[in-house]
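Please read the structure below before turning to the comments.
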Amino acid sequence: MSERTERTNQKQRTRDAILDGARRLMSRGESVTVAAAAAEHGISRATAYRYFSDPQALALEAGLATLVPPYEDVISGTTDLRTRLAAIVAAMIRLTLENEAAFRQYLSHAVTATDGSGSRGARRVGYMKRALGELPHDLSSAQAADLVASLSAVAGVEGLVALTDVAGRDSVAAGRLLGEIADAILTRYLGPASI
-19 MSERTERTNQ
-9 KQRTRDAILD
1 GARRLMSRGE
11 SVTVAAAAAE
21 HGISRATAYR
31 YFSDPQALAL
41 EAGLATLVPP
51 YEDVISGTTD
61 LRTRLAAIVA
71 AMIRLTLENE
81 AAFRQYLSHA
91 VTATDGSGSR
101 GARRVGYMKR
111 ALGELPHDLS
121 SAQAADLVAS
131 LSAVAGVEGL
141 VALTDVAGRD
151 SVAAGRLLGE
161 IADAILTRYL
171 GPASI
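For the sequence shown, the residue numbers in the numbering used here are -19 to 175.
Given below as structure tokens:
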């Protein structure tokens, strides 16, 4: 494993530990602060504030993170890259539709943060990158990055907001359209679905 990959993995583990700390605080009915969430896992206050500077953003993300199904559940039964990525996108679209109000609240906070805390966990990106690392493909690293970026645009609340708030579609139509857009992206990079 490269040093860069290990560093990225360590950052994700630290972020996940802080989120877990926030969930532990919430489960005990305690107030969520960045320092208290970090202390749950022995993470310093200074380190924690590099990941989350706003306790509200931390609490919102911690709550949403519990809703994301485990990677293994999402990809269950898939054997090729196209099908695996399609399953990831479908799961994220479904999650967004089922929890639209919570995702909108989190998105609103993330995009209006004035302290630079607009960075988000991006589990969809992590799931897609993991799939690309597990299964063979002929994509260059640049193509793989573009594929993940393109699918990410439709696999979350941002695409839903564009279709419902901007284009005036209802949630059912938006879900269908997001799936069709994802299929077109997958076809562009990986070819048509096998029948």
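Note that beta-carbon positions come from the ideal geometry of N, C-alpha and C, so glycine has one too.
Treat the numbers as computed from the prediction; the structure is a model and nothing was measured.
Asked	Found
Distance between beta carbons of Ala37 and Ala90, contact taken as under 8 Å	7 Å
Reference His21; option with closest CA among Thr(-12), Ala71, Ile(-2), Val137	Ile(-2)
Neighbourhood of Ser24 by C-beta distance below 6 Å, restricted to the same chain and skipping five residues each side	none
Spatial distance of Gly204 from Tyr51 (CA atoms)	In this structure the chain extends from -19 to 175, so residue 204 is not present and cannot be described.
Three-state class that DSSP yields for Asp118 in the structure shown	coil
Continuous alpha helix (DSSP H) assignments of at least 4 residues falling wholly in the segment 30 to 118	35 to 45, 51 to 55, 61 to 78, 80 to 92, 103 to 114
Nearest to Ser120 (by Cα), restricted to the options Tyr169, Arg156, Asn79, Ser132	Tyr169
Where Arg149 falls: helix, strand or coil (DSSP)	coil
Buried versus exposed, by CB contacts within 10 Å (16 or more), Glu114	exposed
Straight-line gap, Ile165 to Gly136 (C-alpha atoms, nearest Å)	15 Å
Minimum C-alpha distance to Leu157 - residue among Leu143, Gly148, Thr167	Leu143
Leu75 beta carbon less than 8 Å from that of Leu40	no
CA-to-CA distance, Ala28 to Gly200, given in whole angstroms	The structure shown does not extend to residue 200, since the chain spans only -19 to 175, so no value can be given for it.
Start and end residues, alpha helix (DSSP H) containing Gly139	137 to 141
Per-residue burial, Ala173 [other beta carbons within 10 Å of its own, 16 or more giving buried]	exposed
C-beta atoms of Ile73 and Gly155 nearer than 8 Å	yes
Residue range of the unbroken alpha helix (DSSP H) whose run includes Ala173	That residue, Ala173, is in no alpha helix (DSSP H); it is neither H nor E in DSSP.
Sub-8 Å separation of Ala70 and Gly159 beta-carbons	yes
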